[in-house]
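First the structure, in the form of structure tokens, and then the observations on it.
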Amino acid sequence: MSVKSLRQTVHGLLPSLTPVRFVAEDGTPVAKPPTGYAEPPVEALHEAYRRMVLGRRFDTQATALTKQGRLAVYPSSRGQEACQVGAVLALRPDDWLFPTYRDSVALVTRGIDPLEVLTLLRGDWHCGYDPAATRVAPQCTPLATQVLHATGMAESLRRTGGDGVAMALAGDGATSEGDFHEALNFAAVFRAPVVFFVQNNKYAISVPLARQTAAPALAYKGIGYGVRSEQVDGNDLVAVLAVLTAAVGHARAGHGPFLVEAHTYRMDAHTNADDATRYRNDEEVEQWSAADPLSRLETYLRARGVLTDEDVAAVREEAEAAAAELRAGMNADTAADPLELFDHVYAEPTPQLREQRALLAAELAETDEPTTLQTQED
Amino acid sequence: MAKVTMAQALNTALRDALREDERVLVFGEDVGPLGGVFRITDGLTRDFGEQRCFDTPLAEAGIVGLAVGMAMGGFRPVVEMQFDAFAYPAFEQIASHVAKLRNRTRGRLSLPMVIRIPYAGGIGGVEHHCDSSEAYYAHTPGLKVVTPATAEDAYWLLRDAVADPDPVVFLEPKKLYWSREDTDLERRDAQPFGRAAIRREGRDATVVAYGPSVPVALAAAEAAAAEGIDLEVVDLRTLVPFDDETVTASVRRTGRCLVVQEAQGFAGVGAEIAARVQERCFHSLAAPVLRVAGFDIPYPPPKLEHAHLPGVDRILDAVDRLQFADEPDPRHLLRGAVA
Numbered sequence: 223m224s225v226k227s228l229r230q231t232v233h234g235l236l237p238s239l240t241p242v243r244f245v246a247e248d249g250t251p252v253a254k255p256p257t258g259y260a261e262p263p264v265e266a267l268h269e270a271y272r273r274m275v276l277g278r279r280f281d282t283q284a285t286a287l288t289k290q291g292r293l294a295v296y297p298s299s300r301g302q303e304a305c306q307v308g309a310v311l312a313l314r315p316d317d318w319l320f321p322t323y324r325d326s327v328a329l330v331t332r333g334i335d336p337l338e339v340l341t342l343l344r345g346d347w348h349c350g351y352d353p354a355a356t357r358v359a360p361q362c363t364p365l366a367t368q369v370l371h372a373t374g375m376a377e378s379l380r381r382t383g384g385d386g387v388a389m390a391l392a393g394d395g396a397t398s399e400g401d402f403h404e405a406l407n408f409a410a411v412f413r414a415p416v417v418f419f420v421q422n423n424k425y426a427i428s429v430p431l432a433r434q435t436a437a438p439a440l441a442y443k444g445i446g447y448g449v450r451s452e453q454v455d456g457n458d459l460v461a462v463l464a465v466l467t468a469a470v471g472h473a474r475a476g477h478g479p480f481l482v483e484a485h486t487y488r489m490d491a492h493t494n495a496d497d498a499t500r501y502r503n504d505e506e507v508e509q510w511s512a513a514d515p516l517s518r519l520e521t522y523l524r525a526r527g528v529l530t531d532e533d534v535a536a537v538r539e540e541a542e543a544a545a546a547e548l549r550a551g552m553n554a555d556t557a558a559d560p561l562e563l564f565d566h567v568y569a570e571p572t573p574q575l576r577e578q579r580a581l582l583a584a585e586l587a588e589t590d591e592p593t594t595l596q597t598q599e600d
Numbered sequence: 017m018a019k020v021t022m023a024q025a026l027n028t029a030l031r032d033a034l035r036e037d038e039r040v041l042v043f044g045e046d047v048g049p050l051g052g053v054f055r056i057t058d059g060l061t062r063d064f065g066e067q068r069c070f071d072t073p074l075a076e077a078g079i080v081g082l083a084v085g086m087a088m089g090g091f092r093p094v095v096e097m098q099f100d101a102f103a104y105p106a107f108e109q110i111a112s113h114v115a116k117l118r119n120r121t122r123g124r125l126s127l128p129m130v131i132r133i134p135y136a137g138g139i140g141g142v143e144h145h146c147d148s149s150e151a152y153y154a155h156t157p158g159l160k161v162v163t164p165a166t167a168e169d170a171y172w173l174l175r176d177a178v179a180d181p182d183p184v185v186f187l188e189p190k191k192l193y194w195s196r197e198d199t200d201l202e203r204r205d206a207q208p209f210g211r212a213a214i215r216r217e218g219r220d221a222t223v224v225a226y227g228p229s230v231p232v233a234l235a236a237a238e239a240a241a242a243e244g245i246d247l248e249v250v251d252l253r254t255l256v257p258f259d260d261e262t263v264t265a266s267v268r269r270t271g272r273c274l275v276v277q278e279a280q281g282f283a284g285v286g287a288e289i290a291a292r293v294q295e296r297c298f299h300s301l302a303a304p305v306l307r308v309a310g311f312d313i314p315y316p317p318p319k320l321e322h323a324h325l326p327g328v329d330r331i332l333d334a335v336d337r338l339q340f341a342d343e344p345d346p347r348h349l350l351r352g353a354v355a
């Protein structure tokens, strides 16, 4: 390879020096629009706005439900709506998504019943929705392990001849895990059609980004593996959707994997059980409030004359109705069947599991719990 | 009938699986043109193409994690970990995902995949090339765990494992790779998956063994026979599912039980078997269930391996402790009288 073509290859892989941005924090278009990315059509932005409002309302409702004891725990993604909505809207329904526990807004945006999204955090089961039907893997709690699964799925999609794409969602902390690096490496070697989307929300629970990496940006982790990379303002929906659409298109066209880092901020603590005041100050949070992705998009769309007061009111009404429905659903008691614990360990239970199931059934019959009896009659 | 080594039987099983089901893929480190460091995948890339049998980057978590995604995508991956002790980087993928995906998703997703692992000692391997890691896998619900002791079983159990809807950890005893036996792989005489096999019938005591310990147990049984003790040898074949029925029936017949494993004894599979046997056969037992195991030490260097691995003598010593000649301990009778 000549020095010239080597230089071209390297530059082709590297991210922009600063995050791609279309809309400034105050909602005005940036003076110099980014090159190489097309601004998404206005209908897509309109829909994204609606999804972000719905997502934000879902998120605040879920946090409220933890206070009422209806959810065991909830890791909020308030402030990351542009990332999670942009990710889902960049995909086709037949593409696959590999989310983490913080990506509930993405799941709701994907059209999964919010009650099924919250099954995990409600504690009824580990995954409430059908991954095969929704093409959304179970929300992953161990860090970065799902990035390899997305790579494997992408490799399957490539081999079966379609043009499907897999997208892995991950946080900044996950980029320190070995599996993240192995996934980038495998994907590049196999030219798997996978998009790695890192939501850099600046904290891994309490550990700030500076303790996580010394890289100029997480997007630079791509070049070591030959993975094309980009960084984007994660609170600018227009930019997120533009860059992810390009990344998905790159993978779909057979050019291999693509890494996107979105600079965003986790407005709430790690979960409702966390106390963020122990590791960050209010000024920092306030600073990021000014960069809120939802108000930014609203201002931008209003200024362009494509979002009216009526639109805004209608979406808010829709969001309130969805929240009310979620509250009602979450207030209904569920009867989880303890005997189901034995049913899905293997395709067919082993003789030992059958014995243990009978043991528990007898134990439950003795304690005579009404919920159990109810379940057995169902 | 032809003389077949276990390595050949495994290779034939992979070939037949690749031929019969286009969803089957073989991948791992050096499994392509080289044919694997133990040559188990010899010629597969040549005969089935790089699309079906291929090398991956050198990263075990990556290999298993990729296999999870590919199994979710409809393939049936058969991956190779190069050595038992090199499989540990993949343990998180195995314990947190491979074993749990069916359960997490209430049976909506299954992971039909096989993780092949050259396993256990007896080949003079230097550090990190020999380990008896079966207990880690057997202790993980959601995995099936297999270890064949014969070429015939190696073939049929691997075919069963590839066809299984659940993930299987397939432990291949390294020291048996080159052992030959007369068998006709075209005809299935092997027991079904999940059932143990009685390799030698005997009246006086049951020796439960698996994988690399089976031939040692059989040799011990021959030696014991010369001394007038008739040992029955049970080969477990699959550690999960565990065949309580065959083991229990045998011990109830013989009244005595020894469990043999290469692995260190503490908290091992042998301990589980001993507990299960005494729970189910207490009134048939004339002596405590004894374990014959490796010592509770990190795997020794090649020149000291012989001191660690249970051999015929250690088994025969244990047979001697099965109280064939003992009268009841008179102190028990005394204590009863005093009280």
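These protein sequence lines map, in sequence, to chains L and H.
Just add 222 to wherever you are in the first sequence, counting from 1, and you've got this note's numbering.
Just add 16 to wherever you are in the second sequence, counting from 1, and you've got this note's numbering.
Idealized CB from N, CA, C, for every residue including glycine.
message = DSSP has G281 of chain H in a bridge; who is on the other side?
response = G281 of chain H is not bridged to any residue.
ask   = Which chain H residues sit within Cβ distance under 8 Å of Q574 of chain L?
value = Going along chain H in sequence order, the residues near Q574 of chain L (Cβ under 8 Å) are P257, F258 and D260.
query = So which residues on chain H does T556 of chain L lean against when the C-beta distance must stay under 7 Å?
reply = Simply none; closest approach about 14 Å.
query = List, in order along the chain, the chain H residues whose C-beta lies closer than 8 Å to that of E404 of chain L?
reply = P73, A75, A77, G78 and G81
key: Element boundaries [alpha helix (DSSP H), containing T270 of chain H]   = D260 to T270
query = Going along the chain, which unbroken runs of the alpha helix (DSSP H) with 4 or more residues stay wholly within the stretch 109-164 of chain H?
reply = 117-120 and 150-154
ask   = Residues of chain H with CB under 9 Å from L379 of chain L, in chain order?
value = G89
ask   = For D63 of chain H, which three-state DSSP category applies?
value = helix
inquiry  = Quick check on DSSP: helix, strand or coil for T594 of chain L?
reply    = Residue placement at T594 of chain L cannot be trusted, given a pLDDT of 46 that sits under 50; what the coordinates show is reported in the next sentence. T594 of chain L: helix per DSSP, three-state reduction.
task = Could you tell me which residues DSSP pairs with L306 of chain H in its beta bridges?
result = H:L274
ask   = Can you round the beta-carbon distance between P321 of chain L and T121 of chain H to whole angstroms, since I take them to be within the 8 Å contact cut?
value = Contact doesn't hold; Cβ gap of about 14 Å is too wide.
request  = Can you say whether A550 of chain L is buried or exposed, counting buried as having 16 or more other CB atoms within 10 angstroms of its CB?
outcome  = Result: exposed.
request  = Could you tell me whether the Cβ of H113 of chain H comes closer than 9 Å to any Cβ of chain L?
outcome  = yes
ask   = How many angstroms separate the CA atom of L338 of chain H from the CA atom of A23 of chain H?
value = Our two residues, L338 of chain H and A23 of chain H, have alpha carbons roughly 37 Å apart in a direct line.
inquiry  = What residue range does the beta strand (DSSP E) around D169 of chain H cover?
reply    = DSSP places D169 of chain H outside any beta strand (DSSP E); the residue lies instead in the alpha helix (DSSP H), whose first and last residues are A167 to A179.
task = Sort out for me which residues DSSP pairs S451 of chain L with in a bridge.
result = L:L481
message = Taking the beta strand (DSSP E) that N422 of chain L belongs to, which residues open and close that run?
response = V416 to N422
key: Inter-residue Cα distance where the pair is S112 of chain H and C362 of chain L   = 10 Å
message = Which residue marks the beginning of the alpha helix (DSSP H) containing A266 of chain L, and which one marks its end?
response = V264 to K289
inquiry  = Taking the alpha helix (DSSP H) that I214 of chain H belongs to, which residues open and close that run?
reply    = From DSSP, I214 of chain H is part of no alpha helix (DSSP H) but of the beta strand (DSSP E) over A213 to R216.
task = Verify the CB distance criterion: does E562 of chain L have a CB-CB separation below 9 Å to chain H?
result = yes
inquiry  = Which residues of the stretch 331-353 of chain L have a Cβ closer than 8 Å to any Cβ of chain H? Give them in chain order.
reply    = W347, H348, C349, D352 and P353
ask   = Are S149 of chain H and A309 of chain H closer than 9 Å when you measure CB to CB?
value = no
ask   = Can you find a C-beta in chain A that's less than 9 Å from the C-beta of G551 of chain L?
value = Protein chains L and H are contained in the structure displayed, whereas chain A is not.
Residue environment, K289 of chain L, which counts as buried when at least 16 other CB atoms sit within 10 Å = exposed
query = Ordered along the chain, which non-local residues of its own chain (more than five positions away) have a Cβ less than 6 Å from that of F70 of chain H?
reply = F43 and G48
task = Can you say whether W318 of chain L is buried or exposed, counting buried as having 16 or more other CB atoms within 10 angstroms of its CB?
result = With 16 or more other Cβ atoms from the protein chains shown falling within 10 Å of its own Cβ, W318 of chain L counts as buried.
Backbone CA spacing between V40 of chain H and L293 of chain L [nearest angstrom] = Distance between V40 of chain H and L293 of chain L, taken at the CA atoms: about 42 Å.
inquiry  = With DSSP as the reference, identify every bridge partner of V94 of chain H, one or two as the case may be.
reply    = V94 of chain H is bridged to H:V42 and H:V130.
task = Report the residues of the stretch 20-43 of chain H with a CB closer than 7 Å to any CB of chain L, ordered along the chain.
result = Cβ contacts with chain L: none found.
message = If I measure Cβ to Cβ from E404 of chain L and keep anything under 7 Å in the same chain, skipping five residues before and after, which residues do I get?
response = L370
Spatially closest choice to H233 of chain L from L:Y568, L:V449 and L:D458, by CA coordinates = L:V449
message = Only counting the same chain, and skipping five residues up and downstream in sequence, which positions put a Cβ closer than 7 Å to that of T367 of chain L?
response = Leaving aside the five residues that flank T367 of chain L on each side, the residues in its chain whose CB is nearer than 7 Å to its CB run, in chain order, D401.
request  = Determine which residues share a DSSP beta bridge with F197 of chain L and list them.
outcome  = Here chain L has residues from 223 to 600 only, and residue 197 of chain L is not among them.
message = Starting from R337 of chain H, trace the alpha helix (DSSP H) in both directions and tell me its first and last residue.
response = Unbroken run through R337 of chain H: none, as it is neither H nor E.
ask   = So which residues on chain H does D401 of chain L lean against when the C-beta distance must stay under 7 Å?
value = For the C-beta of D401 of chain L, the chain H residues within less than 7 Å are, from N- to C-terminus, A77 and G81.
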